[in-house]
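Residue numbers (this note's numbering): 53 to 488.
Beta carbons are placed, not taken as given, at the ideal position from N, Cα and C, and that holds for glycine.
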DNA sequence: TCTGGGGTCCTAGGACCC
DNA sequence: TCTGGGGTCCTAGGACCC
């Protein structure tokens, strides 16, 4: 648990507005004319909405097919997701924000927290406005900024800035009176850390707003919401419990999973998919210089159809490794244990866990790493080439070699579906924006 | 017909030990 | 007849986030 110490500094949260939709609009301003939504991996559901799409009442996570008809009629614009573009735009936004303060925590692809010196509300406001202006000017992305004594309150301030349509995208929430006024208008599910389940639990106890929650008894809250829930309440009262985390830190688990565009029954296709997931996860593992001693494989039918079946297996790896061929072999072995013929699978994935540092593993006599220098060198070369050229340049044969659009490979159906994707404007020379 | 993907932390309960 | 209790570790699942 992070220590609770008096912290006179203030927290600011910068959050990009409608981030994925905004990224698309930077390179294609015409998209602003009609509601725009960005779709998930298989164009399955809606994961981002422009302001106009939000006004139409389109919800986050809704299945895309509900809106296909209206898209055909031209009322709504639908784009496949382009994560290469979003990740690059994110980096540019974060770089711009970092130029204002060294005390910055990159919280998610579109959000960053800052530590600010205490100052008058006017000064805080003008600083935030200046940040906002510069990010817009340098990247084209609109951001909202909320400033408050704790992270949880900064979240609420940010939300306030976003919701105020006549506002300037900035909200400073520092004095106790305006904080308590704001909490009266804040619904439980709009509190950072209080989700649908905990909201329900609280409502059953006749608590409906953030203001009512902060008035509740400590012991009672602790019992009902657990430690993190209690910390959230302290934060709402103005006591910082969640500190700024500047170092991102290594991941404790790495998952690579996909829903398939079509149902898959064939074991060999599943094997290819699982191999590709293992290879992908292994690459991320090497990127953070870790080796894994735990691997899990899972396959699942569609959760929207009876009978739902989901199976997984867990494998302890005696000699921790990040060597792709070994991890592929283990994953395939795991798959063979859980696969049942006659079942049609809609989703599969590989999870790696129980990490240790790849260099430290060598000196550990009890669990020696199986990554010899030769293997390490081979992986290094592959990673280097794949990082330099458009992916996938080098792959393992187990991942499947037939990538032709008419083939039966697990990926081709996906490629056919994800047709409406924007170019990699900022990361591929071929896709540079053309001004005509 | 069509419903994402990738994370973190906490907790309750079981197994086991003394 | 009387049949403990506390500590630790592990794991599955729940809850949250974007």
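Asked                                                                                                                                                                                             : Found
How far does the alpha helix (DSSP H) with residue 312 in it extend, from its first residue to its last?                                                                                          : First-last for residue 312: 305-316, but that is the beta strand (DSSP E), not the alpha helix (DSSP H).
Could you tell me the boundaries of the beta strand (DSSP E) in which residue 101 lies?                                                                                                           : 98-101
Please determine, among 297, 115 and 251, the residue with the shortest C-alpha to C-alpha distance to residue 277.                                                                               : 251
Hey, could you find the ends of the beta strand (DSSP E) residue 409 is sitting in?                                                                                                               : 397-409
In chain order, what residues of the same chain lie with their CB nearer than 6 Å to the CB of residue 321, ignoring the 5 residues before and after it?                                          : 462
Cβ atoms of residue 211 and residue 162: under 9 Å apart, would you say?                                                                                                                          : no
Three-state secondary structure (DSSP) at residue 458?                                                                                                                                            : Here residue 458 scores only 46 on pLDDT, less than 50, and its place in the model should not be relied on; the value that follows carries that caveat. If DSSP states are grouped into helix, strand and coil, residue 458 belongs with coil.
Taking the alpha carbon of residue 412 as the reference point, which residue from 185, 371 and 117 has its own alpha carbon closest?                                                              : 371
Quick one: grab the DSSP three-state call for residue 355.                                                                                                                                        : coil
Report, in whole angstroms, the separation of the C-beta atoms of residue 180 and residue 145, which I expect to be a contact under 8 Å.                                                          : That belief does not hold up - the Cβ atoms of residue 180 and residue 145 are roughly 15 Å apart, past 8 Å.
In terms of residues, what are the limits of the alpha helix (DSSP H) holding residue 231?                                                                                                        : 228-236
Please state the DSSP three-state secondary structure of residue 137.                                                                                                                             : helix
Which stretch, first to last residue, makes up the beta strand (DSSP E) that contains residue 388?                                                                                                : Counting along the chain, residue 388 falls outside any beta strand (DSSP E), though it belongs to the alpha helix (DSSP H) covering 376-390.
If you draw a straight line from the alpha carbon of residue 261 to that of residue 235, how long is it in whole angstroms?                                                                       : 7 Å
If we count the other Cβ atoms within 10 Å of its Cβ and call it buried at 16 or more, is residue 402 buried or exposed?                                                                          : buried
Can residue 327 and residue 310 be called in contact, C-beta distance under 9 Å?                                                                                                                  : no
Whether or not the region 348-355 and the region 434-441 are in contact is what I'm after, with contact meaning three or more pairs of Cβ atoms, one per stretch, closer than 8 Å; do they touch? : no
For residue 469 and residue 390, what's the separation of their Cα atoms in angstroms?                                                                                                            : 29 Å
Nearest-angstrom Cα distance between residue 56 and residue 107?                                                                                                                                  : Its pLDDT being 39, under 50, residue 56 is placed unreliably by the model, and nothing is read from it.
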